[in-house]
Amino acid sequence: NTKSLELLERRKNIVANGVGVFNTATVMDAKGAMIIDADGNELIDFAGGIGVVNAGHCPEPVVAAIREQAGKYLHTSFNVVTYEPYIELCEELAEILPHGEKTKVMLVSTGAEAVENAIKIARQATKRPAVLCYTGAYHGRTMMAMTLTSKIGYKSGCGPFAPEVYRLPFPDFYHYRGLKSMAAFVKDELKRLHESALNLVDVKNVAAIILEPIQGEGGFTPIPKKYLLGLRAFCDEHGIMLIMDEVQSGFCRTGHWASWQHYGVQPDISTYAKSMGSGLPIAAVVGRAEVMDAAASGTIGGTYIGSPVCCAAALATIKYMKAIDLNQKAKKVGSTILGRLKKIKKVCPEIGDVRGIGAMIAVEFVKDNDPSQPDTETCSKIVDGCSDNGLIMLNAGIHKNIIRILCPLVITPQQLDKGLTILENEIMKAYN
Ligand code: PMP
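So the sequence shown is numbered by the UniProt record's numbering: it starts at 5 and just counts up by one.
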């Protein structure tokens with residue numbers, strides 16, 4: 005693999021060390037669920053560019069739409085000259101992701117920017133400063149998004165962080181170590197939420213509560229439905245904006261356009277990026293019209309808000325996702341992954357947990373079947389073993405002891421089977 009090694013050596017020499025790298029894979033070409041590396045090797049992609057290529061690498065209609073738009077105009081700035089692809093994309097997003105009676109949308113380029121803008125909009129809509137977020141959360145690397153992010157490894161040495169941000173424990177039943185039932189646990193976590201008004205922050209100052217209904221970087225932990233319902237009621241009671249960050253869980257990953265549709269709990273504002281543009285940088289803030297319109301002119305925007313080429317890519321992606329019913333495919337792919345991983349857990353009871361919704365599935369490695377003893381070493385051995393055998397894989401969680409699967413949802417049954425077989429073999433090896 006000389007070309008790959010050469011490329012990695014050049015990377016090491018010139019790219020800042022802080023730009024992390026998960027594994028040693030390189031790319032020359034990518035289609036569907038497959039990546040061809042610089043030496044011509046075929047790799048199965050279970051990382052999907054961190055959840056960006058749900059519709060596959062280079063879907064033909066998306067590439068065609070990008071080419072067509074690039075031939076017309078590349079940039080005017082939507083703040084200066086209006087273009088149709090931006091408006092059409094907003095109309096499409098409002099249709100598939102309705103927020104109340106009337107929905108409005110703004111576009112930006114990245115997930116972190118979407119989060120920044122969601123907070124700015126919520127603050128203007130409520131005229132309040134404070135924001136509540138959760139442990140295990142990941143919202144991006146700009147300063148507010150980084151403040152909202154939980155894992156210290158993502159922010160160490162980067163402060164001072166934004167003020168008026170408060171954090172609650174994410175209601176994570178698997179890692180709860182007591183004897184309560186799930187129902188009693190959720191009841192107590194909701195009590196903790198209500199008590200935060202007494203011991204954490206004055207609710208009259210809280211603009212928003214932001215969460216990922218299924219945490220991504222945190223380790224694919226779904227929020228219990230009863231908790232989300234209680235959270236919605238709490239926000240309504242106190243006039244707080246409920247923001248759902250769907251950057252990783254959106255665009256068919258869970259078998260819906262957004263995971264909140266799975267729960268049937270509507271946010272006031274929600275954020276999208278990643279798979280919406282099939283790899284081009286495009287993100288959206290979607291919300292109830294009166295909330296979105298509370299942001300004053302000049303307070304949200306920028307030079308590259310919704311590039312026409314990226315809008316064309318997103319429009320073509322949504323059309324393609326609808327045409328091939330990618331939400332349905334996600335459910336099928338997800339049930340295959342879940343079934344196979346549950347089976348391997350039966351053979352290897354040391355595996356801590358197999359969980360997820362739709363095709364957002366993860367497997368957690370712990371010692372002695374004890375959720376409080378993360379097994380980072382075994383997890384990293386498995387990820388490396390997969391990589392050596394042509395399967396690109398991502399870890400997750402504050403202890404990096406979780407494997408999360410973000411394969412393109414257009415993966416063929418044969419490719420999926422091959423990938424899962426590699427993963428199963430590496431798990432078996434690690435426990436023998
Ligand atoms: N929110 C969530 C839930 C994410 O998973 C991510 C990216 N992993 C972000 C926000 C930030 O998105 P971006 O990297 O595009 O800024």
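Think of the CB as a built atom: it goes at the ideal place given N, C-alpha and C, for glycine as much as any other residue. As the structure is a prediction and not an experimental result, all values here were calculated from the model.
Cβ-Cβ distance between residue 366 and residue 177 below 8 Å: no
Heavy atom of the ligand PMP within 7 Å of residue 103 beta-carbon: no
Residue 430, DSSP secondary structure in three states: helix
For residue 38, three-class secondary structure by DSSP: strand
DSSP state of residue 221 mapped onto helix, strand, coil: coil
Buried versus exposed, by CB contacts within 10 Å (16 or more), residue 15: exposed
Proximity of residue 29 and residue 275 at Cβ, strictly below 8 Å: no
Backbone secondary structure at residue 238 - three-state DSSP: helix
Euclidean distance between Cα positions of residue 385 and residue 434: 7 Å
Counted within 10 angstroms of its Cβ, other Cβ atoms place residue 254 as buried (16 or more) or exposed: buried
Buried versus exposed, by CB contacts within 10 Å (16 or more), residue 107: buried
C-alpha gap between residue 2 and residue 73, whole angstroms: It is not possible to answer for residue 2, since the shown part of the chain is limited to 5 through 436.
Residue 221 Cβ short of 7 Å to the ligand PMP heavy atom set: yes
Test item: CB-CB of residue 273 and residue 289 under 8 Å: yes
Helix, strand or coil at residue 283 according to DSSP, with G and I counted as helix: coil
Burial state of residue 404 (16 or more Cβ within 10 Å): buried
heavy atom of the ligand PMP below 7 Å from residue 144 C-beta: yes
Simplified DSSP assignment, three categories, for residue 216: coil
Cβ shell of residue 260 (< 8 Å), same chain only, five flanking positions each side left out: 266, 331 and 362
Three-way DSSP call (helix, strand, coil) for residue 89 in this model: helix
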